[in-house]
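Single-structure report; data block below.
2 protein chains.
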Amino acid sequence: MNIKMEMEPGVPTYAALRDRLRAEILSGKLPAGARLTTASLVERFGVSQMPVREALQSLEGEGLIEIAPHKGAAVLPLDVSRVRNIYDLRGALEALLIRLAVPNLSNRAMAQAAALHDRMKAEVASGDPADLFSLNQQFHQLLYRHAENTEAFNIYNRYASLLGTLRETYGFSKARANQMMDEHQEILDALRAQDERRLVTIIEHHCDGAKLDMLALMQDDKQHVHPSLRDNA
Amino acid sequence: MNIKMEMEPGVPTYAALRDRLRAEILSGKLPAGARLTTASLVERFGVSQMPVREALQSLEGEGLIEIAPHKGAAVLPLDVSRVRNIYDLRGALEALLIRLAVPNLSNRAMAQAAALHDRMKAEVASGDPADLFSLNQQFHQLLYRHAENTEAFNIYNRYASLLGTLRETYGFSKARANQMMDEHQEILDALRAQDERRLVTIIEHHCDGAKLDMLALMQDDKQHVHPSLRDNA
DNA sequence: AAGTGGTCTAGACCACCTT
DNA sequence: AGGTGGTCTAGACCACTTA
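One line per chain: the protein sequences are A and B, in this order.
Count along the first sequence from 1, then add 36; that gives the number in our numbering.
Count along the second sequence from 1, then add 36; that gives the number in our numbering.
And the structure:
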């Protein structure tokens, strides 16, 4: 099997490989603990060692696999304790970013945020929140971009997209979606009032809510089987 | 010139190259904006393209250079605004880590932290704080390790070591060293009392103090010349 | 001492930016 | 179209782990 048969031109082999492996990990096809040896990947995808190595290093940077020197790569578990860690990390970053953003937010940015909020409310009310996940990401990114702290913003984005993929798998609980809307409204109000202290309190509460909802969804998954592999999936 | 002539066995070429380039960037020999073309590095160090590419990617991951697709790599400025960003980021991480660490700290860990604190006080009192920088790093790492949040801890370490290198260049101001000792004492007291709220307040103040001291040292450097290149260096 | 994993070279080729 | 930068291959060699 040669991965290049199905490659669009312009996409480097290592990127195609990375995306492919990432999808397999997040879908559960490659479960936690699965070993990824260079040799097997070289054979499986019909490429040489270098692009395989680069793809693996990239996935290690994303936190999806772990490369132990002279032992090879293995898929990391995305279990409850790691998910909690990542939510805590993201929460700390969000508290910083929103605080730094306050003085930089323009009226135009505020209007855009309010517009996104309205679209989300409409979706939740309609009972079909198909884009809720994407809109929510846009909402937070829009605000945090104004913090003008590239370092923190980049790290936030890396982990937000990891958690985003989890969300796409598990979805939002109905209660959480409603609560989210209320909290977004509070965030917008506090931003207008430029009330930093309240803002940090709200954001921390917002992040904790997201964390607890996700952890509950994961715990409820009593069969300990990845959602994509369940019968009703 | 071949870098391998001066390489200890067991150290891969890309690692030697990475370390060498990092040192040149941080020492100011490669100033902000300097372009690092693969071709010139291949020629200069007598190696092939692959290790050069890996070294550059690694430095990009550390935030020292920027690789623009099809335009090549360039040294990023480590200027006042970026340093401020990184201090803010590190501060947010420290607040999180200390909060998470509180319930996990053992008596043994507390004793070790207190011992490090005593050694630092002795150094500052003696007027020759040669190891202050390293002891300070050990002090904070010891505490934050107990947060048991690998993700946050790793990112903290990455940026702490970058700022550490800056500190090695600029040193501590005398006033800052004394203030640091007082703040460490407060941290130890609050840890013993398991007073989370106070702890976060102190840590934030501690990080802000470090940031302001460093920014002042950088601003004072009126000639806008890297310290290592000054006459009196 | 195998066996596995990690890295390097040399040359070729492809993709994108600049004229 | 030319130049630069980016990537791939194939094969070789080195280093570490395991038995």
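Positions of the beta carbon are idealized from the N, C-alpha and C atoms, including for glycine.
If the five residues before and after K247(B) are omitted, its C-beta is found closer than 6 Å to the C-beta atoms of Y123, all from its own chain and listed in chain order. With respect to Y195(A), I134(A) sits apart: the two C-beta atoms are not nearer than 8 Å.
In this structure the region 238–257 of chain A does not touch the region 53–65 of chain B; the number of beta carbon pairs closer than 8 Å is below three.
For L132(B), at least one C-beta of chain A is nearer than 8 Å to its own C-beta. The beta-bridge partner set that DSSP reports for L100(B) is empty.
Boundaries of the alpha helix (DSSP H) harbouring A147(B): 143–162, taken from the DSSP string. Taking CB atoms only, E232(B) has no neighbour in chain A less than 8 Å away. The beta-carbon separation of L251(B) and G99(B), rounded to 18 Å, does not stay under the 8 Å limit for a contact.
At least one CB of chain A lies nearer than 8 Å to the CB of L129(B). Residue-level contact check: E240(B) does not touch chain A, since none of the beta carbons of chain A fall below 8 Å from its beta carbon. Under the criterion of beta carbons closer than 8 Å, R56(B) and A109(B) do not qualify as touching, at roughly 15 Å.
Close to chain A, meaning a Cβ-Cβ distance shorter than 8 Å, are the following residues of the region 79–92 of chain B: M86. Secondary structure note for G127(A): it is in no beta strand (DSSP E), and the uninterrupted alpha helix (DSSP H) holding it is 116–137. Among the CB atoms of chain B, one or more fall inside 8 Å of the CB of E187(A).
Against chain B, the CB of D124(A) has a partner CB under 8 Å away; the residue lies at that interface. Against chain B, a Cβ distance below 8 Å from G99(A) picks out E187. Contact residues of the region 189–217 of chain A toward chain B are I191 (C-beta to C-beta distance below 7 Å). Neighbours of N140(B) in chain A, taken as residues whose beta carbon is under 9 Å from its own, are absent, since the nearest beta carbon is some 13 Å off. Around the beta carbon of D218(B), a 10 Å sphere encloses fewer than 16 other beta carbons of the protein chains shown; the residue is thus reported as exposed. If you draw a straight line from the Cα of L178(A) to the Cα of L227(A), it comes to about 13 Å.
For L136(A), the chain B residues whose C-beta falls within less than 8 Å of its own C-beta are D124, listed in chain order. Inclusion of A151(A) and H182(A) in the CB contact set at 8 Å is not warranted, their separation being larger than that value. Under the criterion of beta carbons closer than 8 Å, P67(B) and V111(B) qualify as touching, at roughly 7 Å. Taking a 10 Å sphere around the C-beta of P165(B), we find 16 or more other C-beta atoms and assign the residue as buried. When I223(B), F81(B), D249(B) are compared, the shortest CA-CA separation from A131(B) is found for I223(B). Between G207(B) and A213(B), the alpha-carbon positions lie close to 10 Å from each other. Closer than 8 Å to the CB of N121(A) there is at least one CB belonging to chain B. Judged by their CB atoms, L53(A) and V78(A) are not nearer to each other than the 8 Å cut-off. If you ignore the 5 residues before and after V138(B), its C-beta comes within less than 8 Å of the C-beta of L227, Q230, E232, L235, all in its own chain and listed in chain order.
Taken through DSSP and simplified to helix, strand or coil, V111(A) comes out as strand. Shown here, L72(A) sits in a strand according to DSSP, grouped into three states.
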